[in-house]
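If you count the sequence shown from 1, position 57 lands on 57 in the UniProt record's numbering, and the numbers rise without skipping.
Below is one structure; the comments refer to it alone.
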Amino acid sequence: MNRNKEACHCKNVTYGMIEDAIKAGCTSYKDLQEKLRFGTSCGKCQEFIQHLVKELSAKP
(Lines of atoms letter the chains of each structure in order from A; the text may use other names.)
(Lines give C-alpha, C1' and ligand atoms only; values in the text may rest on other atoms or scores of the structure.)
Protein backbone atom coordinates (compact mmCIF):
# COMPACT_ATOMS: atom_id res chain seq x y z
CA MET A 1 0.00 0.00 0.00
CA ASN A 2 1.27 3.45 -0.88
CA ARG A 3 1.18 5.33 2.44
CA ASN A 4 1.26 8.68 0.61
CA LYS A 5 -1.86 8.00 -1.49
CA GLU A 6 -4.78 10.19 -0.47
CA ALA A 7 -7.83 8.45 0.93
CA CYS A 8 -9.70 11.75 1.45
CA HIS A 9 -8.87 14.48 -1.03
CA CYS A 10 -10.89 17.19 0.72
CA LYS A 11 -8.98 16.87 4.00
CA ASN A 12 -5.68 15.56 2.54
CA VAL A 13 -5.82 12.37 4.63
CA THR A 14 -3.47 9.65 3.41
CA TYR A 15 -3.50 5.87 3.80
CA GLY A 16 -0.47 6.25 6.06
CA MET A 17 -2.26 8.68 8.36
CA ILE A 18 -5.13 6.21 8.76
CA GLU A 19 -2.77 3.30 9.34
CA ASP A 20 -0.79 5.28 11.94
CA ALA A 21 -3.96 6.30 13.78
CA ILE A 22 -5.07 2.66 13.96
CA LYS A 23 -1.67 1.66 15.32
CA ALA A 24 -1.95 4.49 17.87
CA GLY A 25 -5.19 3.08 19.24
CA CYS A 26 -8.12 4.33 17.17
CA THR A 27 -10.37 1.30 17.10
CA SER A 28 -13.35 2.37 15.03
CA TYR A 29 -14.27 4.33 11.94
CA LYS A 30 -15.86 6.98 14.16
CA ASP A 31 -12.68 7.33 16.27
CA LEU A 32 -10.62 7.78 13.12
CA GLN A 33 -13.06 10.27 11.62
CA GLU A 34 -13.01 12.38 14.79
CA LYS A 35 -9.21 12.35 14.88
CA LEU A 36 -8.48 12.89 11.17
CA ARG A 37 -11.66 14.74 10.08
CA PHE A 38 -12.00 12.78 6.82
CA GLY A 39 -15.41 12.41 5.21
CA THR A 40 -16.70 15.67 6.66
CA SER A 41 -16.75 17.73 3.46
CA CYS A 42 -18.08 16.03 0.33
CA GLY A 43 -18.38 12.54 1.88
CA LYS A 44 -17.30 10.67 -1.25
CA CYS A 45 -14.52 8.85 0.61
CA GLN A 46 -16.60 7.48 3.48
CA GLU A 47 -17.49 4.07 2.04
CA PHE A 48 -13.99 3.50 0.72
CA ILE A 49 -12.37 4.47 4.03
CA GLN A 50 -14.74 2.18 5.95
CA HIS A 51 -13.43 -0.74 3.87
CA LEU A 52 -9.84 0.45 4.28
CA VAL A 53 -10.25 0.65 8.07
CA LYS A 54 -11.59 -2.92 8.19
CA GLU A 55 -8.68 -4.12 6.07
CA LEU A 56 -6.04 -2.31 8.12
CA SER A 57 -7.60 -3.30 11.45
CA ALA A 58 -7.44 -6.97 10.45
CA LYS A 59 -3.65 -6.82 9.95
CA PRO A 60 -1.53 -8.17 12.81
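Note that CB positions come from ideal geometry on N, CA and C, so glycine has one too.
First through last residue of the beta strand (DSSP E) which encompasses residue i
{"i": "A24", "result": "Note, A24: premise wrong, no beta strand (DSSP E); not H, not E."}
{"i": "C8", "result": "6-8"}
Inter-residue Cα distance where the pair is residue i and residue j
{"i": "S41", "j": "K11", "result": "8 Å"}
{"i": "C45", "j": "I18", "result": "13 Å"}
{"i": "A24", "j": "L32", "result": "10 Å"}
{"i": "A21", "j": "G43", "result": "20 Å"}
{"i": "L52", "j": "E34", "result": "16 Å"}
Range of the contiguous alpha helix (DSSP H) that encloses residue i
{"i": "K30", "result": "29-36"}
Residues of its chain near residue i, where Cβ-Cβ distance is below 7 Å and the 5 sequence neighbours each way are ignored
{"i": "S57", "result": "I22"}
{"i": "F38", "result": "A7, C8, K11, V13, C45, I49"}
Residue from the options whose Cα sits closest to the Cα of residue i
{"i": "I49", "options": "N4, Y29, K35", "result": "Y29"}
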